[in-house]
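Protein chains in written order, with our numbering: chain B, 1 to 326; chain A, 1 to 322. Just so you know, even glycine gets a beta-carbon here, dropped at the ideal spot from N, CA and C. A quick write-up on the structure given underneath.
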């Protein structure tokens, strides 16, 4: 490279400097200041925050990217709720696994890794009309969480399943976590419904795609939801599983219209085109989760700050100010 | 028989190999580009562009042809003709998809214009061929920072800053420090910021970032000292605003109020200063005065409404507690 060419490349690079000057605008500084107040607030001085992770099969690995950004920003998460794949990721996060551990586990997920979906098993499903077992999922979750029960989790956690006898959404928040997570992601039509606690359980995505209600049941007063819906208008199902997933997702999408309104803040990684068997696209899904969450982070902080101001204001009056030793 | 089979295998292998395998001594060059390169080195941009006519370019091959597109792009860029430069680099990359000079130039130009999703794969391709290319690492560091991949951004900055030309640039050290601060690695961020101060002692930004770092460790007094250093270097209202908010956070109400008043004297609509004034008045028990200050917070045209929303929320809370 000639000296002139080097100088040109340097000049180009200098012109693109990302953020050499810190943002000192009134809005940015005020947000930053109030965000620290929210993060450091004593219990009861900000709303209890619930992280809600939607269903979405492999697409829902994007939740890991969302969690990574929230974790880096020190976003306070008090309770976690998840459905289907959202329940797997949510259980690991609430169980105390680090973001790096979550990223590593999700990176290694294969379509077959939680369940035996080999050709032989699928042929037996078709020929003998015999549903498969999802026991492997339970074993894996139990291994990752070392057999934790709900009351032993680092953060309160709930996950949702559906009783195929009654059509009810069943929200689990006590007992064995691995069994509940298995029930939450027990895809109907492929896996045998799970008999657990006198219920006959299948994937919760059918009735509670974005489990805001489960987070509220855990006491969340403000919720942030990561939603990984299928863009079913762009997909032509090519197999039995694809069709089944598509039907569940369409149903989930109708349900989620109302649930979207119930949550306080939404992050939607654009992963709608990732199919049920495309495990090679998991890294892409997680990256899209990071990018989507990073773009929406300021907005999420602002939303939580605005919800917290009425509670924080009690500390800003004279009597309590003295009490805080300021 | 055995020998003829070997010869046949060798011929087949060569036939199946890419064209470059036939050129064990590199791509051909007739050296035709040298006079144009000379013009470029003398900074004669118009002459370079005049010399590189389509007819002339058609006569070039190999490294000469590749260099022609580099020169076309560089000289269009030097004359501020951005879209033409972009076209030159794009054609160059389509003809020489493994050339790191062309890849990084195109990627940097795209990045400069906010097209980061297009720029990122080009930088990544460049790193495949030249794993420690500083331009590609710097570009990826900035893109990853913007996209939220803080750990990756830090890794790229670390490699880029090993290169002499970049290790002398204070702005790159500051950018690196910002990423470290976002990762809560305050000790390393301070080291990077000290380096930035050494390289550019008159720049106030490093002191502002040092104040952020101090504040992150809970040292509010140290943070305010750093802001004072930035103000001594001539920093403007932004730093005063940050100082007023830090004084408020430190509970130094009288000083916070004075700083806010000084700011409001020059910018009466400053939302942060109005907020500080309101909080100081609230702490004194003057809720009516606080509400008056908050009522003055307005969203600038096409601006972010957050400050006004926050002011309204505090006004409502204050009304309720009456």
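{"Asked": "Beta bridge counterpart(s) of residue 83 of chain B as assigned by DSSP", "Found": "B:160"}
{"Asked": "CB of residue 257 of chain A within 8 Å of CB of residue 241 of chain A, strictly", "Found": "no"}
{"Asked": "Residue interval of the alpha helix (DSSP H) (run including residue 171 of chain B)", "Found": "Segment 169 to 172 is the beta strand (DSSP E) holding residue 171 of chain B; no alpha helix (DSSP H) there."}
{"Asked": "Simplified DSSP assignment, three categories, for residue 232 of chain B", "Found": "coil"}
{"Asked": "Residues near residue 222 of chain A by beta carbon distance below 6 Å, same chain, minus five either side", "Found": "214"}
{"Asked": "Complete runs of the alpha helix (DSSP H) confined to the region 195 to 277 of chain A [at least 4 residues]", "Found": "205 to 216, 220 to 232, 237 to 249, 253 to 266"}
{"Asked": "Contact set between residue 208 of chain A and chain B, taken where Cβ atoms lie within less than 9 Å", "Found": "21, 22, 24"}
{"Asked": "Buried or exposed (CB count within 10 angstroms, at least 16 for buried), residue 346 of chain B", "Found": "Because chain B in this structure spans residues 1 to 326, residue 346 of chain B falls outside the shown range and cannot be described."}
{"Asked": "Under 8 Å by beta carbon: chain A residues contacting residue 212 of chain B", "Found": "Going along chain A, no residue has its Cβ under 8 Å from residue 212 of chain B, so there is no contact; the nearest lies around 23 Å."}
{"Asked": "Secondary structure of residue 23 of chain B, DSSP reduced to three states", "Found": "coil"}
{"Asked": "Close beta carbons around residue 13 of chain A, own chain, < 7 Å, minus the five adjacent residues each side", "Found": "Because residue 13 of chain A carries a pLDDT of 49, less than 50, the predicted location of this residue cannot be relied on, and the following value inherits that uncertainty. Nothing meets the Cβ criterion."}
{"Asked": "Partners in chain B for residue 310 of chain A, counting only beta-carbon separations shorter than 7 Å", "Found": "30, 34, 305, 306, 309"}
{"Asked": "Residue 318 of chain B at chain A interface by Cβ criterion, 8 Å", "Found": "yes"}
{"Asked": "Sequence-distant residues of its chain with Cβ nearer than 6 Å to residue 54 of chain B (five each side left out)", "Found": "86, 209, 210, 227, 228"}
{"Asked": "Counted within 10 angstroms of its Cβ, other Cβ atoms place residue 83 of chain A as buried (16 or more) or exposed", "Found": "exposed"}
{"Asked": "Within chain A, the residues that residue 291 of chain B reaches when beta carbons sit closer than 7 Å", "Found": "147, 148"}
{"Asked": "Residue 185 of chain A - partner residues in DSSP beta bridges", "Found": "Answer by DSSP bridge pairing: none, since residue 185 of chain A is not bridged."}
{"Asked": "Beta-ladder partner(s) of residue 341 of chain B, from DSSP", "Found": "Given a span of 1 to 326 for chain B in the structure shown, any question on residue 341 of chain B remains unanswerable."}
{"Asked": "Contact set between residue 294 of chain B and chain A, taken where Cβ atoms lie within less than 7 Å", "Found": "147, 148"}
{"Asked": "Contact under 8 Å by Cβ, residue 279 of chain A with residue 318 of chain A", "Found": "no"}
{"Asked": "Exposed unless 16 or more other CB atoms sit within 10 angstroms - verdict on residue 308 of chain B", "Found": "buried"}
{"Asked": "Buried or exposed (CB count within 10 angstroms, at least 16 for buried), residue 168 of chain A", "Found": "exposed"}
{"Asked": "Which of helix, strand or coil DSSP assigns to residue 277 of chain B", "Found": "coil"}
{"Asked": "Residue interval of the beta strand (DSSP E) (run including residue 203 of chain B)", "Found": "199 to 203"}
{"Asked": "Residue 171 of chain B beta carbon less than 8 Å from that of residue 158 of chain B", "Found": "yes"}
{"Asked": "Cβ of residue 249 of chain A within 8 Å of any chain B Cβ", "Found": "yes"}
{"Asked": "Members of the region 51 to 83 of chain B near chain A, C-beta cut-off 9 Å", "Found": "65, 68, 69, 72, 73, 74"}
{"Asked": "C-alpha gap between residue 174 of chain B and residue 151 of chain B, whole angstroms", "Found": "7 Å"}
{"Asked": "Beta-carbon spacing of residue 206 of chain B, residue 274 of chain B below 8 Å", "Found": "no"}
{"Asked": "Coil, strand or helix - residue 33 of chain A by DSSP", "Found": "coil"}
{"Asked": "CB of residue 100 of chain A within 8 Å of CB of residue 133 of chain A, strictly", "Found": "yes"}
{"Asked": "Integer Cβ distance of residue 276 of chain B from residue 58 of chain B, believed to fall under 8 Å", "Found": "6 Å"}
{"Asked": "Helix, strand or coil at residue 96 of chain A [DSSP, three-state]", "Found": "coil"}
{"Asked": "For residue 215 of chain B and residue 203 of chain A, the rounded distance between their alpha carbons", "Found": "48 Å"}
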